[in-house]
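Sequential numbering from 257 applies to the sequence shown in this note's numbering.
C-beta: ideal position from N, C-alpha, C; glycine also.
A quick write-up on the structure given underneath.
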Amino acid sequence: MSGNDLLRGGTGIVYDSVNGELFYNQNGIAAGFGSGGLFANLRNAPTLTASDFVVVA
257 MSGNDLLRGG
267 TGIVYDSVNG
277 ELFYNQNGIA
287 AGFGSGGLFA
297 NLRNAPTLTA
307 SDFVVVA
């Protein structure tokens, strides 16, 4: 799945496993990230799964 597919799919957290960049997609299914965007760059691009995240409201 490409980054553009992830943005259109309403994904909240997008991880680029090639370069370790972690993005927040604030606006759901609308194009782009809204007021979100890159919020972390993980050194050595580790393998991540959904269980690596905890959402605190």
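* **Pair within 9 Å by beta-carbon distance, N275 and A301** => As a first step, residue 275 is located in the sequence shown; it is residue number 19 there, counting from the start. As a first step, residue 301 is located in the sequence shown; it is residue number 45 there, counting from the start. Closer than 9 Å, so yes.
* To do: For A296, name the three-state secondary structure that DSSP assigns.
  => To locate residue 296, count along the sequence shown from 1; it is residue 40. Correct three-state label for A296: strand.
* **Delimiting residues of the beta strand (DSSP E) encompassing V270** => Reading the sequence shown from its first residue, position 14 is the one you call residue 270. First-last of the beta strand (DSSP E) with V270: 269-272.
* Distance between I269 and L298 (C-alpha atoms, nearest Å) -> For this step, residue 298 is matched to residue 42 along the sequence shown. For this step, residue 269 is matched to residue 13 along the sequence shown. Looking at the two C-alpha atoms, the distance is approximately 14 Å.
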